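Colleague: Numbering (the numbering used here), first residue to last: 239 to 1166.
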């Protein structure tokens, strides 16, 4: 815009040189008579040379600007317009130059100047593009809620300016040619005023703010009525008074009420003043008055037509907008209840409503296929007008490789809007005509975007060439595209929620919840078909070792590989699920009989015959499996899974790497253990636990020097429960801590009581589990119990199992040292049942070892066994350890132990474990 003045300066010089300043150009026109009449022939002076240089330079500049516009534009329509306009100008300039300039200069031929006629040709070309494509129009702004939008305001302002210029011209012609007025001042003033007002309106429209524009329009309208009236005072505005009605009609277009009010007040006041000043006046109406009246009526009709068209356009836009809002609301409401099952039905219904409303030919939705193996766009909905007959497979998959240029524009999120598909040829070639059909013309593609990623597109096409897709339509399409985007995103989120709820995150297999649901479904089916189904509970043996070796990521890789193998080996009708960790569930359905189950299980377990290669390492693993069969082992999913789990643990107890069917004995055992476990929680409150004591006798003197406290549970329903049964249950439930504290405290209290009765100074031995030793407050608790019972620590002996002693745990060894520092005696119970050695035990703070009773029972049965026992006793003495022989039942066993100088004897040969009162009697008898 800064170069506009410079651009038109040469035009102004030429214009002045050939019009108003003849002193600069004495021979402005060279009129020559020819057979066709008087024509102007160039005089070929300096002004003609300047004119030729001017228009050639201007022409070349215009061509360059047109060419750059077409090259830089990405719109095929602009490129086409640029080329055609350039060609039209070239043809016009060449012909015009031959007739107006060079024909006279070069060939000395007197030809009339045809340029004014020829220039109509490119003008018509430009007009065609303006009407068809909206060329030179400013960008439309959607101001649906405002009647007087900026675009309409500019148009109205141009109409008013044009009307004022026309009014000035008509006024001048009417008075100059049709009146005998010798004083032309008044009509020249009126014409000049109209020209000035036209210029002011254009300046106001271009450079002032919106508020000032309305105010100045109101001032112009309110002043022009009295000014025109008083300029025609002598005739009382006989003709000009009607001009106020034209302005009043035009003021309706403006959405500011004060413009009409000010104009109305101005009209009324002007007429009142004229009525006062000229109450009566006789005038003569001439042809000039009629011409002015006719012109005013034409102006009024023109303004009325303008207002009508503005209102009709706005009403049409509002009706269209209401229709858009209604259909948008209907589709949004319809998609509120959408889910994965009814998605396609909802989409088809929405596309049908859109197609009927828009009166288009086809509307469709295409989605990029998630399957990486397929390079396709899949149709997820299509609506076609009933009148459309085509053979295009628009409802099939679209191969991306066949339409790469079109798909690329979609994938980057571009919106494609075409009023003629052929115009898009420079960008996509012939892809769109091939895809949609050569008869299709108009086309719109809106990308469907989910989480900043193009998910697909929503397309509309028509066989009719649309003038241009309006901004309102495109905004509507964007809203519909957003609704589809939100719908697909919601479906994706629901699928993700379902996947999280019913599928394992690592393996993508069904989880326990979905597995239970499928088992329930198959149970219902089996009831109708009388087929058998089985549930297999599979657990990897020693999976922790794999995790410890290659880490949890490696363990996950192994689980994933195993899941793939299980899915591959089993039938399609079967279901593999991950129960959790290293456990899998398998549903075998539609089995003809139970006999086929072992074959399927054996085939499944063959997976573990070959190693699994993880991180370039081979891992041989095994698995244990438990099997439950419907309806024998349960009539619902939970029972079948529970019993299969029970059978799997039984298989592990029997040596792992095997499978077992669930049996009634297993279920009864589990039920019994479950009841015991429940009762264990109240066993201390109900005082069902008791301690029995078995004497420990010095082998040499035969005197009782100690006792081992043995726990007994007298159940009110089941009677005496063996420690071997309920102690593991206590360890599993975590009750071993409270029960162990009670045993330790009760044993110390009883020992102190006997000492206070002066029966004898005997020690008391108490068994402690490995879990008790691992407790961080165990030593402090033992010390506290000794203080509470006031028992000297030297009378307390703590027995721990051989497995706990050889656990190689630094923490356990530290605990033993702490106990030893308190003065407590420490012994190893059941020595010989684990893989320990005396040399290993020599480094531990141990005072005694207790030979397991299977050694004692083998005395005199084998010379080798006798030699082993003899060696253990001798080596223990060398290491400074006492030896306790547990389970002595015969005199020959006693004789052998005495012969080889065993230290302490314990067993049925002397005394069975007895309650505290009986033990007191034994102590009294032993003293006597």
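Glycine is no exception: its CB is placed at the ideal position from the N, C-alpha and C atoms.
These numbers were taken from a predicted model, which means no experiment stands behind them.
Residue 951 by DSSP, collapsed to three states: which one?
Modeller: strand
Colleague: For residue 307, which of helix, strand or coil comes out of DSSP?
Modeller: helix
Colleague: Scan the region 891-940 and note each continuous alpha helix (DSSP H) run of 4 residues or more that stays entirely inside, going in chain order.
Modeller: List check, alpha helix (DSSP H) in window: 902-918.
Colleague: Residue range of the alpha helix (DSSP H) that residue 716 falls in?
Modeller: 709-740
Colleague: Specify the secondary structure class of residue 1100 as computed by DSSP and reduced to three states.
Modeller: Under the three-state reduction of DSSP output, residue 1100 falls in the coil class, being neither helix nor strand.
Colleague: Closest to residue 1140 by CA distance: which of 969, 593 and 1114 is it?
Modeller: 1114
Colleague: Taking contact to mean at least 3 C-beta pairs separated by less than 8 Å, is the region 851-858 in contact with the region 815-827?
Modeller: Too few Cβ pairs lie closer than 8 Å, so no.
Colleague: Return the bridge partner residues of residue 1067 from the DSSP annotation.
Modeller: 1039
Colleague: So for residue 355, helix, strand or coil by DSSP?
Modeller: Residue 355 sits in a helix when the DSSP states are folded into three classes.
Colleague: Rounded to the nearest angstrom, how far is the Cβ of residue 911 from that of residue 862, given a contact under 8 Å?
Modeller: Contact doesn't hold; Cβ gap of about 19 Å is too wide.
Colleague: Throw me the rounded Cβ distance for the residue 814 and residue 879 pair, which I believe falls under 8 Å.
Modeller: With a Cβ gap of about 14 Å, residue 814 and residue 879 do not count as contacting.
Colleague: Is the beta carbon of residue 1049 sitting closer than 9 Å to the one on residue 1012?
Modeller: yes
Colleague: Would you say the region 874-892 touches the region 781-793, given that touching needs at least three Cβ pairs under 8 Å?
Modeller: no
Colleague: Can you tell me which of the three DSSP states residue 1033 falls into?
Modeller: helix
Colleague: Please go through the same chain and pick out, in chain order, the residues whose beta-carbon is closer than 6 Å to the beta-carbon of residue 793, but skip the five residues on each side of it.
Modeller: 784 and 785
Colleague: Return the residue from the list 1058, 771 and 970 that minimises the CA-CA distance to residue 1032.
Modeller: 1058
Colleague: Leaving aside the five residues before and after residue 538 along the sequence, list all residues of the same chain whose C-beta is less than 7 Å from its C-beta, in chain order.
Modeller: 483, 484 and 487
Colleague: Excluding sequence positions up to five away, which residues of its chain have a Cβ less than 8 Å from the Cβ of residue 876?
Modeller: 754
Colleague: In angstroms with no decimal places, state the Cα-to-Cα distance between residue 432 and residue 311.
Modeller: 41 Å
Colleague: In three-state DSSP terms, what is residue 868?
Modeller: strand
Colleague: Do you know how far the Cα of residue 1096 is from the Cα of residue 1102?
Modeller: 10 Å
Colleague: Check for me: the alpha helix (DSSP H) holding residue 314 runs from which residue to which?
Modeller: 314-335
Colleague: Under a Cβ-count criterion, where at least 16 other Cβ atoms within 10 Å of its own Cβ denotes burial, should residue 1145 be classed as buried or exposed?
Modeller: buried
Colleague: Using 8 Å as the cut-off, can you tell me whether the region 947-954 makes contact with the region 919-931, which would need three or more C-beta pairs spanning the two stretches below that distance?
Modeller: yes
Colleague: Taking buried to mean at least 16 other C-beta atoms within 10 Å of its own C-beta, is residue 468 buried or exposed?
Modeller: Burial call: exposed.
Colleague: List the endpoints of the continuous beta strand (DSSP E) containing residue 699.
Modeller: 691-700
Colleague: What does the alpha-carbon distance come out to for the pair residue 771 and residue 960?
Modeller: 39 Å
Colleague: Taking the alpha-carbon of residue 1136 as reference, which of 1112, 1117 and 1116 has the nearest alpha-carbon?
Modeller: Looking only at 1112, 1117 and 1116, the smallest Cα-Cα distance to residue 1136 is reached by 1112.
Colleague: Count the other C-beta atoms from every protein chain shown that fall within 10 angstroms of the C-beta of residue 452, then say buried if there are 16 or more, exposed otherwise.
Modeller: Burial call: buried.
Colleague: With residue 604 as the anchor, note down where its beta strand (DSSP E) starts and where it stops.
Modeller: 600-606
Colleague: If you reduce the DSSP assignment to three classes, tell me which class residue 249 lands in.
Modeller: Assignment of residue 249 by DSSP, reduced to helix, strand and coil, places it in the helix class.
Colleague: Please state if the CB of residue 327 and the CB of residue 1193 are separated by a distance shorter than 9 Å.
Modeller: There is no way to answer for residue 1193, as the model of the chain reaches only from 239 to 1166.
Colleague: Which of the three DSSP states, helix, strand or coil, is assigned to residue 746?
Modeller: coil
Colleague: Taking the alpha carbon of residue 320 as the point to measure from, which residue in 334, 354, 367 and 489 has its own alpha carbon closest?
Modeller: When only C-alpha atoms are compared, the closest one is 367.
Colleague: Which same chain residues, not among the five before or five after residue 250, have their C-beta less than 7 Å away from its C-beta?
Modeller: none
Colleague: Check whether the region 514-525 and the region 391-404 are in contact - that is, three or more C-beta pairs closer than 8 Å.
Modeller: no
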